[in-house]
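Chains as they are written, first to last, in this note's numbering: chain A, 1 to 459; chain B, 460 to 918.
By construction, the Cβ of each residue, glycine as well, lies at the ideal position given by its N, Cα and C atoms.
These figures come from a predicted structure and were not determined experimentally.
Below is one structure, written out as structure tokens; comments come after it.
Structure representation (structure tokens):
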């Protein structure tokens with residue numbers, strides 16, 4: 001065997017310096033990281049070229065029994081002190097929250113030239129460009145694989161796997177809680193509130209579930225994927241966001257009869273629409289919305305808390321990345337993959353200064369694209385009073401707005417006497433036409449509740 | 460915006476040196492690489508931190524019209540001369556063949572300190588360790604993302620995405636030709652030979668299809684994935700390999716009735732079996748075999764020429780990577796992703812010396828694990844003479860070998876009068892027991908053809 005003095009061989013000979021990390025946050029993910037490093041430490045040292053060791057940790061309660069032995073690690077009651085420790089190369093932030101101590105820690109670490117690894121999607125969605133700018137200036141790596149799709153390497157897939165491509169579209173199932181609820185409703189025929197309560201009991205949904213079920217969490221992740229896919233500035237504020245709380249068991253049954261399942265999809269694409277600000281100008285379209293997904297689409301088979309991302313490159317074609325979107329093991333797997341990347345490259349500064357694949361200054365500030373001109377097929381469901389003429393009123397509004405109806409079903413609601421459910425699928429139409437039709441019906445006393453619109457995902 | 464002098468900004472300012480590549484082979488993939496660099500050159504330069512330029516090319520026929528303008532590039536009639544050119548940083552080998560000029564070019568390039576990017580699975584399966592050793596010695600990167608699963612970044616997924624994990628198992632659909640044939644048989648009810656002829660006519664199958672349909676191509680790819688997943692030496696010779704040419708339309712219909720599709724699966728896992736060479740010693744199990752895949756498994760929905768890899772890590776859980784497994788665009792996408800990785804890291808030698816993620820010297824030479832002790836459920840199909848007593852003979856052999864039958868169907872063959880098809884699914888049993896049962900039937904005049912065994916893929 002030829003002899004050379006690579007860093008890996010030096011590591012085997014015990015020469016390479018360990019990479020020293022500090023963990024802020026010892027919830028399930030933080031403890032997962034410690035467990036992972038304990039279980040796989042030897043192989044990680046081989047792959048990283050040097051051992052990865054924990055120097056210090058910080059959490060709210062030092063005395064709590066977490067099932068792992070923390071006695072070998074330094075302790076900081078104030079987590080922001082981790083960034084100042086001389087015995088730390090990489091700060092791992094697993095506390096969460098877009099602002100507050102997590103953000104201060106991130107700023108201090110990167111500003112001081114220490115690498116930062118984080119699973120904090122809210123912080124990256126809101127402050128990722130500021131942090132990346134700090135990272136560029138100091139040369140300290142900033143990595144956030146665990147912030148999107150848990151253990152699935154979607155960030156790496158976009159930054160590196162499809163690096164040769166102009167990306168046309170990125171979309172996926174990015175929130176495990178919503179997907180668990182929707183696929184359980186589908187399997188059991190139960191109603192949303194009932195399944196949400198079960199998800200909360202099983203720890204799949206937070207006590208305050210709004211962040212997940214109203215689509216905010218998906219929007220955070222989507223805004224990060226958009227920036228990586230299109231080389232645009234993160235624009236969380238422009239993500240058109242809706243959730244799943246208004247979906248009925250009857251919607252799922254109706255979708256099933258038509259050959260679809262319902263999934264909450266975050267989708268982003270470059271849009272050449274006319275309303276973006278001038279001929280030929282591109283806009284960035286970002287939407288989180290429940291969609292009808294045809295049975296033969298790969299996302300139709302993503303069940304439970306699984307996440308999946310589809311990316312369409314102009315040469316790669318459609319790629320799918322799928323796996324566990326949350327949980328201590330998968331999230332720790334992504335966190336430590338980032339740490340290994342840093343261990344492999346930190347001496348050289350490999351990409352350390354480009355968390356978004358290109359310099360922050362060259363990310364395009366792209367105008368948001370509205371949806372009105374988009375041609376789509378839509379599922380529209382009304383709950384209406386059970387009396388003569390209502391169906392005529394709805395279909396007339398569709399006709400007057402130029403929306404052609406492909407199929408329609410009307411059925412009584414067993415549990416709400418006097419109410420009827422009307423569900424239709426439109427032919428492809430500009431979304432503005434559907435909005436116009438709904439506008440014509442707005443305020444009609446026939447409508448018992450606001451209509452629910454879900455678009456159909458193409459193949 | 461803070462100013463710093465990252466390589467990317469230098470590149471924008473026109474300072475960074477271009478990365479100069481040479482292309483050996485101008486078939487569809489080589490031309491795809493040129494087209495890709497032309498179409499996406501500006502964004503690639505941004506992401507790579509510097510432009511990627513083609514210095515020279517080599518192919519058999521200089522005059523052939525390939526639809527791209529080659530006049531700006533140097534020409535070498537002898538492709539091995541590319542490795543010696545002073546104006547080349549990266550040699551891209553797209554010629555194929557395990558040995559011959561491709562191997563000489565690879566040795567010359569890496570030995571001379573030039574990076575090598577290749578899509579050549581046969582060469583890596585047979586000579587990957589030698590080439591990686593050369594790469595380690597010279598510090599020149601060796602990359603082969605395009606060798607497995609076309610445009611799907613499965614090599615990167617294993618090397619980096621799941622780097623924090625001990626991998627339990629890796630398996631997948633790795634040959635687009637076989638998958639096209641099987642899924643077309645499934646959709647149309649047509650027979651193997653008929654669909655193969657169509658695949659050949661459409662360019663999805665080679666004129667000599669043996670390499671694909673007998674499983675060799677899948678075995679090449681599997682042996683590469685095994686080495687990356689488990690840190691073992693590539694052991695192509697030990698892959699237990701069978702193909703799809705004996706699968707009948709009746710098998711597919713029967714599988715469908717039972718809730719399965721048939722897919723050619725390459726599978727590798729570490730095996731603690733008793734026959735590996737001592738208690739507690741692990742062996743490497745590698746097999747290419749058509750499997751019955753349950754409808755609710757993600758691989759059951761992989762149709763046409765699509766490839767998919769599943770990797771199960773001890774923390775990540777099950778990850779799925781899916782996309783186009785061949786074609787000029789997807790393969791070029793993977794080739795150029797490797798080139799971009801090299802452009803980003805070459806100055807620093809990032810991982811340049813570890814093509815298999817750890818030093819070649821530390822890859823384990825693991826004994827192959829046999830399959831006899833594995834507990835599996837199997838689909839076994841016989842073609843037998845249509846006369847009394849045959850079913851009793853088969854079922855007696857199963858009983859005598861200790862194989863319990865879960866379901867069995869017997870049906871006449873419309874097209875072969877006097878022959879009957881008997882298909883069964885066994886309960887879980889040691890594979891040795893199934894082999895014993897088939898041994899008892901070996902040479903029986905009742906059997907018109909050798910039985911076909913396909914295992915059932917678990918969930």
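Beta-ladder partner(s) of residue i, from DSSP
{"i": "residue 878/B", "result": "844/B"}
{"i": "residue 407/A", "result": "425/A"}
{"i": "residue 552/B", "result": "483/B and 577/B"}
{"i": "residue 724/B", "result": "748/B"}
{"i": "residue 453/A", "result": "380/A"}
{"i": "residue 271/A", "result": "283/A"}
{"i": "residue 375/A", "result": "430/A"}
{"i": "residue 753/B", "result": "719/B"}
{"i": "residue 412/A", "result": "420/A"}
{"i": "residue 364/A", "result": "232/A"}
{"i": "residue 447/A", "result": "384/A"}
Residue-chain proximity (residue i, chain A), Cβ-Cβ < 7 Å
{"i": "residue 810/B", "result": "Legend: pLDDT at residue 810/B = 48, less than 50; position of this residue unreliable, no value from coordinates given."}
{"i": "residue 795/B", "result": "yes"}
{"i": "residue 468/B", "result": "Confidence at residue 468/B is low in this model, with a pLDDT of 48, below 50, so its placement is unreliable and the value that follows should be read with caution. Yes, contact with chain A."}
{"i": "residue 919/B", "result": "Because chain B is modelled from 460 through 918, residue 919/B falls outside the range shown and cannot be assessed."}
{"i": "residue 479/B", "result": "no"}
{"i": "residue 495/B", "result": "yes"}
{"i": "residue 686/B", "result": "no"}
{"i": "residue 766/B", "result": "no"}
{"i": "residue 706/B", "result": "no"}
{"i": "residue 802/B", "result": "no"}
{"i": "residue 622/B", "result": "yes"}
{"i": "residue 565/B", "result": "no"}
{"i": "residue 875/B", "result": "no"}
Environment of residue i [buried if 16+ CB atoms lie within 10 Å]
{"i": "residue 445/A", "result": "exposed"}
{"i": "residue 411/A", "result": "exposed"}
{"i": "residue 460/A", "result": "Nothing about residue 460/A can be read from this structure; chain A reaches only from 1 to 459."}
{"i": "residue 530/B", "result": "exposed"}
{"i": "residue 172/A", "result": "buried"}
{"i": "residue 886/B", "result": "exposed"}
{"i": "residue 901/B", "result": "exposed"}
{"i": "residue 661/B", "result": "exposed"}
{"i": "residue 136/A", "result": "buried"}
{"i": "residue 499/B", "result": "buried"}
{"i": "residue 404/A", "result": "exposed"}
{"i": "residue 458/A", "result": "exposed"}
{"i": "residue 364/A", "result": "exposed"}
{"i": "residue 407/A", "result": "exposed"}
is_contact[residue i, chain B] using C-beta, thresh 7 Å
{"i": "residue 17/A", "result": "no"}
{"i": "residue 153/A", "result": "yes"}
{"i": "residue 458/A", "result": "no"}
{"i": "residue 92/A", "result": "no"}
{"i": "residue 358/A", "result": "yes"}
{"i": "residue 224/A", "result": "no"}
{"i": "residue 340/A", "result": "yes"}
Quiz item: Mind pulling the alpha helix (DSSP H) runs of 4 or more residues that sit fully within the region 166-250 of chain A?
Solution: Segments of the alpha helix (DSSP H) lying fully in the region 166-250 of chain A: 176-188, 192-201, 210-213 and 216-230.
Self-check item: Segments assigned beta strand (DSSP E), at least 3 residues, entirely inside the region 482-537 of chain B
Solution: If we require 3 residues or more, the beta strand (DSSP E) runs fully inside the region 482-537 of chain B come out as 511-517.
Self-check item: Contained alpha helix (DSSP H) runs [length at least 4] in the region 299-355 of chain A, N- to C-terminal order
Solution: Fully enclosed alpha helix (DSSP H) runs of no fewer than 4 residues occupy 328-345 of the region 299-355 of chain A, in order along the chain.
Self-check item: Any beta strand (DSSP E) of 3 or more consecutive residues that is wholly inside the region 99-167 of chain A
Solution: Taking only runs of at least 3 residues, the beta strand (DSSP E) segments lying wholly in the region 99-167 of chain A are 115-118.
Quiz item: Which residues, in chain order, does the region 287-301 of chain A contribute to contact with chain B at a C-beta distance below 7 Å?
Solution: The region 287-301 of chain A vs chain B, Cβ under 7 Å: 298 and 301.
Self-check item: Chain-ordered residues of the region 312-330 of chain A with a beta carbon less than 9 Å from chain B
Solution: From the region 312-330 of chain A, only 313, 314, 315, 316, 317, 318, 319, 320, 321, 322, 323, 324, 327, 328, 329 and 330 have a Cβ closer than 9 Å to chain B.
Quiz prompt | Chain-ordered residues of the region 166-197 of chain A with a beta carbon less than 7 Å from chain B | solution = Taking 7 Å as the Cβ-Cβ cut-off against chain B, the residues of the region 166-197 of chain A that qualify are 166.
Quiz item: Given a limit of 7 Å on CB to CB distance, which residues of the region 43-58 of chain A reach chain B?
Solution: Those would be 43, 44, 46 and 47, in chain order.
Self-check item: Near-chain B residues of the region 135-161 of chain A (beta-carbon distance less than 9 Å), N- to C-terminal order
Solution: Residues passing the 9 Å Cβ filter: 136, 137, 138, 139, 145, 150, 151, 152, 153, 156, 157, 159, 160 and 161.
Practice problem: Would you list, in chain order, the members of the region 577-594 of chain B that have their beta-carbon closer than 7 Å to a beta-carbon of chain A? | Solution: Residues passing the 7 Å Cβ filter: 592.
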